[in-house]
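**Student:**
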DNA sequence: CTTAAATTAGGAACTATTCCTAATTTTGTT
DNA sequence: AACAAAATTAGGAATAGTTCCTAATTTAAG
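Residue numbers (the working numbering), protein chains in the order written: chain A, 1 to 133; chain B, 134 to 266.
#1: Below 7 Å on C-beta distance, what does residue 115/A contact in chain B?
#2: Out of 85/A, 87/A and 110/A, state which residue places its alpha-carbon closest to the alpha-carbon of residue 97/A.
#3: When burial is assigned at 16 or more other CB atoms within 10 Å of the CB, is residue 173/B buried or exposed?
#4: Report yes or no: do the segment 246-262 of chain B and the segment 216-235 of chain B share at least 3 C-beta pairs separated by less than 8 Å?
#5: Using three-state DSSP, classify residue 191/B as helix, strand or coil.
#6: For residue 57/A versus residue 68/A, is the C-beta distance shorter than 8 Å?
#7: Starting from residue 200/B and walking both ways along the beta strand (DSSP E), at which residues does that stretch end?
#8: Which residues in chain A sit within 9 Å of residue 194/B, going by Cβ to Cβ distance?
#9: Just reading off the beta strand (DSSP E) that residue 111/A is part of, what are its end residues?
#10: Excluding five sequence neighbours on each side, which residues of the same chain lie with their C-beta closer than 7 Å to the C-beta of residue 28/A?
#11: Tell me, please, whether the CB atom of residue 240/B is closer than 8 Å to any CB atom in chain A?
#12: DSSP has residue 79/A in a bridge; who is on the other side?
#13: In three-state terms, what does DSSP make of residue 175/B?
#14: Are the beta-carbon atoms belonging to residue 254/B and residue 108/A less than 8 Å from one another?
#15: Could you check where the alpha helix (DSSP H) with residue 18/A kicks off and where it finishes?
#16: For residue 193/B, count neighbouring C-beta atoms within 10 Å of its own C-beta (all shown protein chains included) and say buried if the count is 16 or more, exposed if not.
#17: Anyone know if the C-beta pair for residue 165/A and residue 78/A falls short of 8 Å?
#18: Do you know how far the Cα of residue 49/A is from the Cα of residue 36/A?
#19: With H, G and I counted as helix, E and B as strand and the rest as coil, what does DSSP make of residue 233/B?
#20: So, at 6 Å on beta carbons, what are the nonlocal neighbours of residue 2/A in its own chain, with the 5 sequence-adjacent residues on each side left out?
#21: Please check if any C-beta of chain A sits within less than 8 Å of the C-beta of residue 155/B.
#22: So is residue 65/A buried or exposed if we call it buried at 16+ other beta carbons inside 10 Å?
#23: Is it true that the CB of residue 188/B sits closer than 8 Å to the CB of residue 151/B?
#24: Which first and last residues belong to the alpha helix (DSSP H) in which residue 26/A is found?
#25: Return the residue from the list 207/B, 232/B, 158/B and 234/B that minimises the CA-CA distance to residue 222/B.
#26: Alpha carbon to alpha carbon, how far is residue 7/A from residue 166/B? Give it in angstroms, no decimals.
#27: With a 10 Å radius around its C-beta and 16 neighbouring C-beta atoms as the bar for buried, classify residue 214/B as buried or exposed.
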């Protein structure tokens, strides 16, 4: 746990506190307020280590940089296809869905529980309605 | 439909033919075999237009460049978190899941049917088992 | 045909991320 | 505590993927 460097500790703590799915850059700016000497590459490197160690989640975005998420209670994401905004929702992936995937893809891939569904947020939707007139 | 430029037609046809979730670069290389004068920026620009027009899907990857997918029959994706390999599966998103998301996030976002579930493919899994010993 | 609008090729610019190197910090051993 | 080995750092250069810019060309409309 705590045989982590000071820098890695700070980075993990920031991500734990933020409930906003921050980008690497946002994390960097926040950590800088605590340790102004930290370098961007240290932040990126440690974020990757934390993902590798499954302490945080990476969320790949349809637009803009990746976002990160502390893994506490299991939750899933709905992501806006246009602007990339992320919404959390809480729901156990149904067994029937898991079974069906297993049936179709057995021997190829095994699931890791985390579910992402695409949508269009109402902000982007109302923008589009204006354009399309 | 066909008040598209010659270049855009070629790009769409290539994506239709390929069942491999190609990257922009892969599409560019294929189109080049037909029209060797086409430029990379034309390929990128038209891919974005086709996504905007909902003729193709963009798949954001956990690793490496985005991939694209012709929208014929509805299908969803399971994506390897480590290497980004994409597997198709066919399944209607259950109504209970849709309803639950609607209940939790109503007024914020509306779904667009396309579902992405993360996993770890067996190739990456067997690699990891070797490391972890 | 002529003019306007859209699209192109080609390359520069940009954004996000990784890689490199020498210096510093941490860990383990005695 | 003193030392060597291993891990990590800061800082910046390099890379990958994508978008943007411009002048030239193509297509569409009157």
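Think of the CB as a built atom: it goes at the ideal place given N, C-alpha and C, for glycine as much as any other residue.
**Tutor:** In short:
#1: Residue numbering aside, residue 115/A sits at position 115 when the first chain is read from its first letter. Chain B residues near residue 115/A: 250.
#2: Here the question's residue 97/A lines up with position 97 in the first chain. Distance check between residue 97/A and each of 85/A, 87/A and 110/A places 110/A closest, using alpha-carbon atoms only.
#3: Looking up residue 173/B in the second chain gives position 40. The residue in question, residue 173/B, is exposed, as its Cβ has fewer than 16 Cβ neighbours within 10 Å.
#4: Note that the segment 246-262 of chain B touches the segment 216-235 of chain B; at least 3 beta-carbon pairs, one per stretch, sit closer than 8 Å.
#5: Sequence index remark: in the second chain, residue 191/B carries index 58 (1-based). In the three-state DSSP reduction, residue 191/B falls in the strand class (E or B).
#6: As a working note, residue 57/A is residue 57 in the first chain. As a working note, residue 68/A is residue 68 in the first chain. For residue 57/A and residue 68/A, yes; Cβs fall inside 8 Å.
#7: The count along the second chain starts at 1 and reaches residue 200/B at position 67. Residue 200/B -> beta strand (DSSP E) spans 200-203.
#8: Looking up residue 194/B in the second chain gives position 61. By Cβ distance, chain A contributes 60.
#9: As a first step, residue 111/A is located in the first chain; it is residue number 111 there, counting from the start. Residues 109-121.
#10: As a first step, residue 28/A must be located in the first chain, where it is residue number 28. Cβ neighbours of residue 28/A within its own chain (closer than 7 Å, five residues either side excluded): 40 and 43.
#11: Residue numbering aside, residue 240/B sits at position 107 when the second chain is read from its first letter. For residue 240/B, the nearest CB of chain A lies under 8 Å from its own CB, placing it at the interface with that chain.
#12: Translated into the one-based positions of the first chain, residue 79/A becomes position 79. Residue 79/A is bridged to 86/A and 118/A.
#13: Taking the second chain and counting its residues from 1, the one referred to as residue 175/B is at position 42. Of the three classes helix, strand and coil, the one that applies to residue 175/B here is helix, per DSSP.
#14: Position 121 of the second chain, counted from the first residue, corresponds to residue 254/B. Position 108 of the first chain, counted from the first residue, corresponds to residue 108/A. Taking 8 Å as the Cβ cut-off, residue 254/B and residue 108/A qualify as a contacting pair.
#15: For the purposes of this step, residue 18/A is taken as residue 18 along the first chain, with counting starting at 1. It is not in any alpha helix (DSSP H) - residue 18/A carries neither H nor E in the DSSP assignment.
#16: By one-based count along the second chain, residue 193/B stands at place 60. With 16 or more neighbouring CB atoms inside 10 Å of its own CB, residue 193/B falls in the buried class.
#17: Coverage of chain A is limited to positions 1 through 133, which leaves residue 165/A absent and any answer about it impossible.
#18: Within the first chain, the letter at position 36 stands for residue 36/A. Within the first chain, the letter at position 49 stands for residue 49/A. Pairing residue 36/A with residue 49/A, the inter-Cα distance amounts to about 21 Å.
#19: Locating residue 233/B in the second chain gives position 100, where the first residue counts as 1. Helix.
#20: Residue numbering aside, residue 2/A sits at position 2 when the first chain is read from its first letter. Bear in mind that a pLDDT of 49 at residue 2/A, under 50, signals an unreliable position, so the model cannot answer this.
#21: Position 22 of the second chain holds residue 155/B. Proximity of residue 155/B to chain A, defined by a Cβ-Cβ separation below 8 Å, is not satisfied.
#22: The sequence position of residue 65/A within the first chain is 65, counting from 1. Classification of residue 65/A: exposed, given that the 10 Å Cβ count is below 16.
#23: Position 18 of the second chain, counting from 1, holds the residue named residue 151/B. Position 55 of the second chain, counting from 1, holds the residue named residue 188/B. No, these two residues do not count as a Cβ contact at 8 Å.
#24: Sequence index remark: in the first chain, residue 26/A carries index 26 (1-based). Bounds of the alpha helix (DSSP H) holding residue 26/A are 24-34.
#25: Taking the second chain and counting its residues from 1, the one referred to as residue 222/B is at position 89. Relative to residue 222/B, the option among 207/B, 232/B, 158/B and 234/B whose CA is nearest is 207/B.
#26: Position 33 of the second chain, counted from the start, is the residue given in the question as residue 166/B. Position 7 of the first chain, counted from the start, is the residue given in the question as residue 7/A. Between residue 166/B and residue 7/A, the C-alpha separation is close to 50 Å.
#27: Within the second chain, residue 214/B is the residue found at index 81, counting from 1. Under a 10 Å Cβ-count criterion, residue 214/B is classified as buried, with 16 or more other Cβ atoms of the shown protein chains found around its own Cβ.
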